[in-house]
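In the order they appear, the protein sequences are chains U and E.
Just so you know, the first sequence maps onto residues 1 to 246 in my numbering.
Just so you know, the second sequence maps onto residues 1001 to 1135 in my numbering.
Yeah, the Cβ is synthetic: ideal placement off N, Cα and C, and Gly gets one too.
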Amino acid sequence: MANRITLDVTRYNPARDEKPQLESFEVPLRKEWVVLDALNYIKDHLDGSLTFRWSCRMGVCGSCGMTVNGVPKLTCATFLSDYAPGPVRIEPMKNFPVLRDLVVDTSDFLVKLAKSKPWIVRKVEKPLDEEYFQTPEQLEAYKQFSMCINCMLCYAACPVYGLDPLFSGPAAIALAQRYNLDSRDQGASERMDILSQHDGIWGCTFVGECTQVCPKKVDPAGAIQQYKLTATMEWVKSLVLPRGAE
Amino acid sequence: MTNPTEYLPKSYHVRLSTYWWLTRWPYLKFILREGSAVFVAWAVIVTLLQIHALTLGPADYAEFQNWLRNPLVLALNLVSLLFIIFHAVTWFNLAPKAMAVRLHGKRLPNLAIAAPNYVAWAVVSAAVAWILLRG
Chain U
1 MANRITLDVT RYNPARDEKP QLESFEVPLR KEWVVLDALN YIKDHLDGSL TFRWSCRMGV
61 CGSCGMTVNG VPKLTCATFL SDYAPGPVRI EPMKNFPVLR DLVVDTSDFL VKLAKSKPWI
121 VRKVEKPLDE EYFQTPEQLE AYKQFSMCIN CMLCYAACPV YGLDPLFSGP AAIALAQRYN
181 LDSRDQGASE RMDILSQHDG IWGCTFVGEC TQVCPKKVDP AGAIQQYKLT ATMEWVKSLV
241 LPRGAE
Chain E
1001 MTNPTEYLPK SYHVRLSTYW WLTRWPYLKF ILREGSAVFV AWAVIVTLLQ IHALTLGPAD
1061 YAEFQNWLRN PLVLALNLVS LLFIIFHAVT WFNLAPKAMA VRLHGKRLPN LAIAAPNYVA
1121 WAVVSAAVAW ILLRG
């Protein structure tokens, strides 16, 4: 294995540049390094102005999402040696506006996440000294969808989100489903009204790339299709039982 | 981030190319999967034409069969068959994702949902083949 590798990194300074450009850096190729290590090497030794987000460096915070050779990845969970001999192209996450170098503006996701009401909604609150009991089976029903770290790689991978900025997106809907399936929650009908729309679950065409790129195996595509099934059944029930049976 | 301020001049919006689906194999596979619906529609049209030819009588049906033997039509139907198989296989393999069936709290494996679809396909195909070929 060679001991150097070239990184082609997007650079963009909004005060100076018309549009983003790639800049090449040569970094050491260490067997145990991840792409994030290479970016930090550039920042420490080659160009301190390189700007990128990262935090936990162990794949749990969701900060370091970027596009590596065209594929959305967490740079702390992507080994540099997998791309030897290189060059490796590192660009900001797709489908989000670029603020600077590798940093994107994710506020759109936060707005859409709030739409999903990602908290326990209760029609009737329990008194404070009473607990909510939950069996392991009830936990299992929603646990997979609770693993989301809001890294937004799924939004970067989703062509529907890229083409239609109004689409709620995989993570927001998966998190809505996480609460819908939670036995403690009573807000499923509220979320249904908001998400069973063209820019909600029905915008999804089941490309499935969101599930492929998810680093925590949340399977947002599965969550959305299950939600579609539920929404359809609710619609049929509303036709057959117009007065409603809760 | 639509209002530039003194500290954040502006953000750069990357436009998605019209040919986004050619940039990666999974995207191309998705477009082919969606496009296979066109060939399914073509198969329905051919079947309807066949039924219509049957109602007109043996001479017209023979003419219809000749039309099917035309190299262009034959090629189109062969391509359609491949796309229809692709359509069915991708559909059956995706069905388990939409149906989270739980038995005793554990989720059924994907094959348990997909397999009955394939079995039904095989059974119906065998039945249709038997009806058509026994005469």
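Cβ shell of residue i (< 7 Å), same chain only, five flanking positions each side left out
i	result
U:Pro215	Gly59, Leu74, Ala77, Cys151, Leu153
U:Arg57	Leu36, Cys76
E:Leu1082	none
U:Cys148	Ala171, Ala174, Leu175, Lys216, Val218
U:Gln21	Arg11
E:Val1073	Trp1067
For residue i, three-class secondary structure by DSSP
i	result
U:Thr230	helix
E:Phe1086	helix
U:Lys73	strand
E:Ser1036	helix
U:Asp82	helix
U:Pro28	strand
U:Glu247	No information on residue 247 of chain U is available, as it lies outside the stretch 1 to 246 that chain U covers here.
U:Gly65	strand
U:Glu137	helix
U:Thr205	coil
U:Gln21	strand
U:Asp47	coil
U:Arg178	helix
U:Leu99	strand
E:Thr1023	coil
E:Tyr1118	helix
Given residue i as reference, the closest of the options once Cα atoms are compared
i	options	result
E:Ala1100	U:Thr67, U:Ser238, U:Arg89, U:Pro220	U:Pro220
E:Ser1011	U:Val68, U:Leu175, U:Lys19	U:Lys19
U:Gln134	U:Leu128, U:Pro97, U:Tyr142	U:Tyr142
U:Gln186	U:Trp202, U:Lys117, U:Tyr227, U:Ser107	U:Lys117
U:Trp33	U:Trp202, U:Leu80, U:Ser196	U:Leu80
U:Gly65	U:Arg184, U:Asp44, U:Val104, U:Ser238	U:Val104
U:Tyr132	U:Val88, U:Ser183, U:Ala223	U:Ser183
U:Trp235	U:Met192, U:Gly208, U:Ala223, U:His45	U:Met192
U:Arg89	U:Pro28, U:Glu190, U:Leu241, U:Thr67	U:Thr67
U:Leu7	U:Asn13, U:Tyr161, U:Asn69, U:Phe206	U:Asn69
U:Pro14	U:Glu130, U:Arg4, U:Thr51	U:Thr51
E:Trp1121	E:Phe1064, E:Leu1072, E:Ile1084	E:Ile1084
Residue-chain proximity (residue i, chain U), Cβ-Cβ < 8 Å
i	result
E:Pro1109	no
E:Ser1036	no
E:Val1101	no
E:Tyr1027	yes
E:Met1001	For E:Met1001, the pLDDT reaches just 46, beneath the cut-off of 50, and the residue's location in the model is therefore unreliable, although a value from the coordinates is still provided. Yes, E:Met1001 lies at the interface with chain U (some Cβ there is under 8 Å from its Cβ).
E:Trp1091	no
E:Phe1086	no
E:Phe1083	no
E:Ala1069	Correcting the residue identity first, residue 1069 of chain E is Arg in this sequence and not Ala. Chain U, which has no Cβ nearer than 8 Å to the Cβ of E:Arg1069, makes this no.
E:Val1040	no
E:Ser1011	yes
Interface flag, residue i vs chain E, CB-CB below 8 Å
i	result
U:Gly70	yes
U:Thr170	Note that residue 170 of chain U is Pro in the sequence shown, not Thr. It does not; no Cβ of chain E falls within 8 Å.
U:Gly162	yes
U:Lys94	yes
U:Gly222	yes
U:Lys216	no
Cα-Cα separation, residue i to residue j
i	j	result
E:Ala1037	U:Ser168	26 Å
U:Leu139	U:Gly86	44 Å
U:Phe96	U:Met233	34 Å
U:Phe145	U:Ala176	9 Å
E:Ala1059	E:Val1123	33 Å
U:Val111	U:Ile194	13 Å
E:Leu1068	U:Ala84	53 Å
E:Ile1113	U:Arg178	22 Å
U:Asp164	E:Ala1127	45 Å
E:Asn1077	E:Leu1022	26 Å
U:Arg16	U:Arg100	11 Å
E:Val1119	E:Ala1062	34 Å
Proximal residues to residue i (C-beta, below 8 Å), its chain only, five neighbours per side dropped
i	result
E:His1087	Arg1033, Ser1036, Ala1037, Phe1039, Val1040
U:Val213	Val71, Pro72, Lys73, Leu153, Cys154, Ala156, Ala157
Close beta carbons around residue i, own chain, < 6 Å, minus the five adjacent residues each side
i	result
U:Leu166	Asp199
U:Ser63	Arg53, Trp54, Ser55
U:Glu23	Val9, Arg11
Chain C contact for residue i (CB, 8 Å cutoff)
i	result
U:Leu99	The displayed structure is made up of protein chains U and E, and chain C is not among them.
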